[in-house]
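Chemist: Just so it is clear: in the sequence shown, position 148 is 132 by the working numbering, and no numbers are missing.
Ideal Cβ positions, reconstructed from N, Cα and C, are used throughout, including at glycine.
A single structure is presented below for examination.
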Amino acid sequence: MTLGMTGNADCMTAGRFVGFFPILATYFAFLLIKINGGGVVINLTVRGKDGADFITGSFHAASADTAPDDYPLVVAIHGGTYTGDYFQIDGYSLAARAAALGIPLFALNRPGYADSVRKEGLDCSIMSNAEILNDVLSDLWETRRGNARGIFLIGHSIGGAIAIQMAALGKSWPLLGLSISGVGVREPEPVLEQWRSLPPDESIVIPPEPKDQLMYGPAGTWLPDGQRAAHRADHPMPRQELLDIAFEWPRLLREAAPRIDVPVHYRQPEFDNLWVVDEAEVQDFASRFVNSPWVDAQVFKGTGHNIDFHRLGGAFQLQQLAFALACSVSTERREWSAR
């Protein structure tokens, strides 16, 4: 496995805030509005409470004609080496599938990706990602909530680890539940050795061919078009977050999981080359959420790390969205019982 290195590890990236239509005195900028599959897609920037930190992304507003009575606002958090475009590539789009079900979705770009930046001195660790995303989602909820019952987090790979940390922290917006994939309890030793050999102060670029070897299952589980499509979301990865997921994650998971009190959906791909995967590992992961009222955990057969871009990707996405809808109704039932 060969890795290419470029740039530096600082998660600060060049970016600028250009607002075509200032909304409610500064905190939201609607950069581009277009129609996509009957829904509206708004490229926007959300800001933290102090206005200094901001996150870019695409908000996929569902059609009012398709919205169910009880629906979540889904926030999709991408993994390493990909931007939020991972969730909105034609033919493999979680966002389009959500819109078809009447579910709005925000595909964000994490700090260090695309135009998302953060103030000087902050880092790209898993915990720092979680803190800033929790902050900016307050703005998203206040401005884009509509009639949603709460926010549902979907996190892939490092994005899944960040979603778990977010769920364990205090927040000013309602969390319905989370769906996690592509992150486990421990990585194989050969993978850890590769990460230990990384030079310091570099961001990481994995060339397409070795990246495909890492991210996909055996031939027949994916189509060539899917592999090619996913590369549209490629982006350099801050070195710090990779080292964090490799060497700090076991401790972070052990500390965060018991603090989560919402339902958890967990699917770990059968052929994930970045994690040790078997039924025992999946159940070990699931058993840590001792205060969650509902944990649905399985090995997802016939897929590699990038489940969405495998032949079974559509089935996987429908499972995630069905779980999100179930969490919305579950929340309403708890409210009824309290009346």
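Tell me the residue span of the beta strand (DSSP E) that contains I146.
Modeler: That residue, I146, is in no beta strand (DSSP E); its alpha helix (DSSP H) goes 142 to 152.
Chemist: Taking the alpha-carbon positions, what's the E173 to W157 distance?
Modeler: Roughly 39 Å separates the two Cα atoms.
Chemist: Can you tell me whether Y76 sits near the ligand HEM, meaning its C-beta is under 6 Å from at least one heavy atom of the ligand?
Modeler: Looking at this structure, you won't find the ligand HEM or any other ligand, since it has none at all.
Chemist: DSSP has V261 in a bridge; who is on the other side?
Modeler: Beta-bridge pairing links V261 to no other residue.
Chemist: Rank G32, F269, R180, S141 by C-alpha distance to the C-alpha of K155 and give the top, closest one.
Modeler: Nearest C-alpha to K155: G32.
Chemist: Check each candidate in A308, D107, I148, A147 and name the one with the smallest Cα separation from L227.
Modeler: The shortest Cα separation from L227 among A308, D107, I148, A147 belongs to D107.
Chemist: Counting only runs of 3+ residues fully inside the region 146 to 225, write out the beta strand (DSSP E) ranges in chain order.
Modeler: Within the region 146 to 225, the complete beta strand (DSSP E) runs of at least 3 residues are 159 to 165, 187 to 189.
Chemist: Just verifying my parser: in three-state terms, what is the DSSP assignment at F136?
Modeler: Looking at F136 - three-state DSSP - the assignment turns out to be strand.
Chemist: With a threshold of 7 Å on Cβ separation, who are the neighbours of Q149 within its own chain once the five nearest residues in sequence on each side are excluded?
Modeler: For Q149, where only same-chain residues beyond five positions count, the Cβ hits under 7 Å are I110, M111, A114, L236, A240.
Chemist: Just reading off the beta strand (DSSP E) that S112 is part of, what are its end residues?
Modeler: S112 -> not in any beta strand (DSSP E); alpha helix (DSSP H) instead, spanning 110 to 128.
Chemist: Tell me which residue opens and which closes the alpha helix (DSSP H) that E239 is part of.
Modeler: Segment 233 to 240, the alpha helix (DSSP H) holding E239.
Chemist: I think T287 touches F255, with their Cβ atoms under 8 Å apart; what is that distance to the nearest whole Å?
Modeler: The Cβ separation is near 7 Å, so the contact holds.
Chemist: With DSSP run on the structure shown, which of helix, strand or coil describes L15?
Modeler: Caution applies to L15, whose pLDDT of 35 falls short of 50 and renders its modelled position unreliable; the value that the coordinates give is listed next. Strand at L15.
Chemist: With a threshold of 16 other CB atoms inside 10 Å of the CB of W171, please say whether the residue is buried or exposed.
Modeler: The residue asked about is misnamed: residue 171 is Glu in this sequence, not Trp. Classification of E171: buried, given that the 10 Å Cβ count is 16 or more.
Chemist: Measure the C-alpha to C-alpha separation of S314 and G166 and round it to an integer number of angstroms.
Modeler: Looking at the two C-alpha atoms, the distance is approximately 26 Å.
Chemist: Name the two residues that bound the continuous beta strand (DSSP E) containing A45.
Modeler: Run containing A45: 38 to 45, per the beta strand (DSSP E) assignment.
Chemist: Should G68 and L92 be called a contact, given that it needs their Cβ atoms to be closer than 7 Å?
Modeler: Yes, they are a contact pair.
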